[in-house]
Structure formats: C-alpha cells, structure tokens
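Quick note: the sequence shown uses the working numbering, first residue 80, plus one each step.
Where is the CB? At the ideal position from N, CA and C, for every residue including glycine.
Keep in mind the model is a prediction, meaning the values are calculated, not measured.
Structure first, then comments.
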Amino acid sequence: MTPEQFVAGLPKAELHMHIEGSIEPDLFLRLARRNDVAIRWDSEDALRAAYHFEDLQDFLDLYYDGCRVLVQACDFHDVTYAYLARAHADRVTHAEMFLGPQGHTSRGVPLATVMEGVLAAMAAAQTDLGITSGLIVVAQRHRSQDEALALLEALQPWYDRLLGFGLGGAEVGNPPSKFAEFFRRCRDRGFKAVAHAGEEGPAAYVREAVELLQVQRLDHGNACLDDPDLVGMLAQRRIPLTVCPLSNLKLRVVSSMSRHPLKQLMDAGLCVTVNSDDPSFFGGYVNENYLACQRALGLGLDELAGLARNSFEAAFIPAGQRQSSLASIDAWLAQARGAQACT
Ligand code: ADE
Ligand code: ZN
C-alpha cells in the first residue's frame, strides 16, 4: 500500500479549517454571479494565480475581501456543504469548523442568515454522508474585545448548536491577553475554548492562550518550540496543537516543507494534529497536508496513524465516538500492514 493509498483510507478528524477559506474558485465565481458582486477576477485560473501571499496579513486582505460573495443563507449553506463533502472524500469522519461572523455582519449580512445557512448544511451533510461536525465561532483579533463580547451575546439563539469559541485573524500586535474577559465568559457559558497562537506570533502568545485564556486546544502553536518549559507543560497536560503545514508554507511561516517543525513537535511528545486551515487558498485539503509532511519529513505509516489518532483524541466528541474512531484507525493500520506483508 502506498502512502497515498494509506492516507486516503485513514479515518481522521479535521479540527482546524475556516469555512470561508474553503470556497473553491468555481463556487466563488458562481456566488459572485448569483449575488451580482463585482470581483477582480474573471476565471478560475485568474483566481488561482492570485493565491500567492507574502504573509498572514497579505492573505487576510484577500480572504476578507472574498467574503463579499457570501450574502444569502444558501451561499453559506453551499460552501459549508461543499467542504464537508470534500472532507468526507478524504475520509474525514468528523470536522470541527471555524466561522467568523464578524466578517459578514460588518458588511450588513444578518447573523441569522450566516448561522442558519451553515447549521443547515452541517445537518444535511450528516444525514447524507454520515460525517459529523461541530461549529466554532472565531472572534477577529484585530477588532476590540467589546465587539467579541457583543458577538457572544448576539449568538444566544444558537448556543445549543455551537461547540465553542476561538480567536483568529492578524496575530502579531493582538495578543491573547486582549481577549481574557471574552474567553472567561465563553468558558463560563460552557463552551470549548481554542485560539490561534504561535503562527506568526511568539511563544509568549502561546503561553498566554494557555494560561490566561485557558484554551483546550491551540491552533497552530508552532512557536512553542522556542520555549522548552512551555513545550513540557503542553506535553504534560496533553494540550493538542492543530498544525496546518501547507498553510505555514503558503504564508511563509516556514521556508520549505522539509523545514516544517511538525516532526519536532511530534518528537517532543505533543498531541499534534494535521489540518488544512484554508484549503482552497493553500493548495490542499487534509490528505494533501498529511502527504506533504509524509514526503518532506519521511513519516512512516505508524506516524501517520498516530497523527490521525491524535485528531480523535483532540476532537470535542463523545467518548463512544472517540473509541470507535480509534478502533477504525487500528483496523485500517492492520489492513495496511497485512497488504504490505503480502507484497
Ligand atoms: N483566518 C483564516 N485563516 C487564518 C490563519 N491562517 N491565521 C489566522 N486567522 C485566519
Ligand atoms: Zn486558522
């Protein structure tokens, strides 16, 4: 069995992707036409050619501008369903997705339009495909904490269908400490807490996310390697990292895949997971991320299976689903080993 075949059939959870970052060029053009939104590009190739970024902010400028094509509930439905169907094809059995409502409500799109479109697609994908999913609302960190608090209040009608809250957007200059009260209230209301930290920002931001925001998972977290004591604490407390290798390459967090710190993070004993972040912009869905690491870092089948195991350990799912998902990984690994023994 080739690594490609192994990864294709490996059951996995995806825990770090932004719904708005999964609009494929063909859907993007269709939505722009559907809503009569003027855009700078007239073809899929022209769009793809624009996907070259200097850094996170350069990407975010294009990403927020692209959100203008999302206007009606059916638009939010279509992009969410398309992602879940694509993830299902990568043998993702459970996905936890980020949504940034402030990027839509600030343009005058009602919150109900955003939420109802996304939530309906999640329910439909579970019925049609069997994929389970959860929704994590991210506050934009370049905005104020008061705006994040207003978002938390406005989301009350959907609390029973929300998994948790997170923090995304421009990291440097917007430390986790800016949102300490927001996260305290999210936790008080029983929500899971995650935050992007240590993508472009320093190890000190990763520490703040853990100590001040008390997050249960770190999104990216790469920079923790600069602080050995912090690494020890993350390993000891089993605080997972949702690492996004192709994103790190495209946003120049790393200069090449062979220099990606994934293996170092794994070897430090951390609960590392592999994810796609914004797959339509960064050149690959979750399986492409596994394979890019496998090729550049020489990961074996056990290590790939370990990453998938971590994804279910880190997922916010019931114990029964975790157990059955881990068992399905073991079964697939045994099948792959049997196939190898015969060749
Ligand atoms: N929003 C979408 N993609 C992001 C990333 N890679 N970092 C921070 N915020 C984001
Ligand atoms: Zn992200």
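When only Cα atoms are considered, S326 and E392 end up about 23 angstroms apart. Just so you know, the alpha carbons of N253 and L370 end up roughly 33 angstroms apart. Restricting attention to A347, P340, K329 and S335, the CA atom closest to the CA of I318 is found in A347. S185 has its CB no nearer than 6 angstroms to any heavy atom of the ligand ADE.
The beta-carbon distance between I215 and G245, rounded to whole angstroms, is 5 angstroms. This is short enough to meet the 8 angstroms contact definition.
Where G280 is concerned, there is no enclosing beta strand (DSSP E), because DSSP gives it neither an H nor an E.
Between the beta-carbon of L230 and that of Q181 there is about 6 angstroms, and that keeps the pair under the 8 angstroms contact cut. For D356, the shortest C-beta to heavy atom distance toward the ligand ZN is below 6 angstroms. From the listed residues S223, G300 and Q235, the smallest Cα separation to F270 is found for Q235. Here the alpha carbons of P104 and S359 stand approximately 8 angstroms from one another.
H299 carries a strand assignment under DSSP once its states are collapsed to helix, strand and coil.
Per DSSP, reduced to three states, the secondary structure at V273 is strand.
For the pair R113 and L149, the Cα-to-Cα distance works out to about 10 angstroms. Judged by their CB atoms, L380 and A415 are nearer to each other than the 7 angstroms cut-off.
In the structure shown, the three-state DSSP call for D134 is coil. With a beta-carbon spacing of about 14 angstroms, A227 and F177 fall beyond the 8 angstroms limit used to define contacts.
Under DSSP, D356 forms a beta bridge with M96. Placement of the Cβ of G269 at a distance of 6 angstroms or more from every heavy atom of the ligand ADE is found. If you ignore the 5 residues before and after A418, its C-beta comes within less than 8 angstroms of the C-beta of M80, all in its own chain and listed in chain order.
Taking all protein chains shown into account, G248 has 16 or more neighbouring C-beta atoms within 10 Å of its C-beta and is therefore buried. Shown here, E250 sits in coil according to DSSP, grouped into three states, outside any helix or strand. In this structure, N301 sits away from C350, with a CB-CB distance that is not shorter than 7 angstroms. For S337, same chain residues with a beta-carbon under 6 angstroms away, outside a window of 5 residues either side, are A375 in chain order.
For the 7 angstroms CB-CB criterion, A384 and L412 form a contact.
Under the three-state reduction of DSSP output, E175 falls in the strand class. Less than 7 angstroms separates the beta-carbon of A282 from that of L309. Counting along the chain, the unbroken alpha helix (DSSP H) around A87 starts and ends at P82 to G88. In the structure shown, the three-state DSSP call for F244 is strand.
In the DSSP assignment, K91 is bridged to V171. The alpha-carbon separation between A204 and L163 amounts to approximately 7 angstroms.
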